[in-house]
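Chain order of the listed sequences is D and C. To convert, note that position 84 of the first sequence is 399 in the working numbering; the numbers rise steadily by one, no gaps. To convert, note that position 107 of the second sequence is 106 in the working numbering; the numbers rise steadily by one, no gaps. A virtual CB, placed ideally from N, CA and C, is assigned to each residue, including glycine.
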Amino acid sequence: KQEVTQIPAALSVPEGENLVLNCSFTDSAIYNLQWFRQDPGKGLTSLLLIQSSQREQTSGRLNASLDKSSGRSTLYIAASQPGDSATYLCAVRVYGNEKLTFGTGTRLTIIP
Amino acid sequence: DTAVSQTPKYLVTQMGNDKSIKCEQNLGHDTMYWYKQDSKKFLKIMFSYNNKELIINETVPNRFSPKSPDKAHLNLHINSLELGDSAVYFCASSWGDSGRAYEQYFGPGTRLTVT
């Protein structure tokens, strides 16, 4: 059974700093991994999708990496801004199954 | 130009009532999902439909019944509501062809409160 964990559960960082969010999963036979952000009381916004054959994906100040063999992914946020404050969720999809298994989330606060 | 929409956004009802949540997507996707986010913010799949056919049915009480009248709609009907059903319910859609690795797009959520 796939389990996805995100550590830390909460993180506070001064504005302007670079930061890394971590995601680990127990079953390395994944099809893809998706990073989302969720603002309080809002839905999920997809940030990046990494296929199992890829090592990383970039979008603006965001860079996501994937190491399938070790069951880990990281989301790197450069030059953090107060608008980056949100909960960040990673989710994995395994082969032959349409569903996403979500991590526990990291609540990020950027301090102005 | 909303991609995935849900109605209502908020739903407050009493125990024992029956209620429905509607979901529509205009992305042309063939697969739709219902997820539940509990009070601890943990998201878990409930159901998935591909081309109106049920393909995922996690361990969910029989009181929950999804219905897909067409590819663009997936509604969730809940009978005999219980306090523990209080949560945020998210609808999502994607391409379901396992040969492709498309993203899932989520709706804004429906916050259900059972009193």
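Check, Outcome
"What three-state label does DSSP hand D399/D in the structure shown?", "helix"
"Classify V87/C as buried or exposed, calling it buried when 16 or more other Cβ atoms lie within 10 Å of its own Cβ.", "buried"
"Please list, in chain order, all residues of the same chain as L82/C whose beta carbon is under 6 Å from its beta carbon, the five residues on each side excluded.", "V113"
"Any beta carbon of chain D sitting closer than 8 Å to that of K102/C?", "In the sequence on display, residue 102/C carries Glu and not Lys. True, the Cβ-Cβ gap to chain D drops below 8 Å."
"From S361/D to N78/C, what distance separates their C-alpha atoms?", "32 Å"
"Pull out every residue of the segment 407-420 of chain D whose Cβ sits closer than 7 Å to any Cβ of chain C, in chain order.", "G411, E413, K414, L415, F417, T419, G420"
"Quick one: Cα of N61/C to Cα of I55/C, how far?", "14 Å"
"For Q321/D and G356/D, I'd like the C-alpha separation in whole angstroms.", "21 Å"
"Output the boundary residues of the beta strand (DSSP E) element that contains E296/D.", "What is shown of chain D runs 316 to 427, which leaves residue 296/D out entirely."
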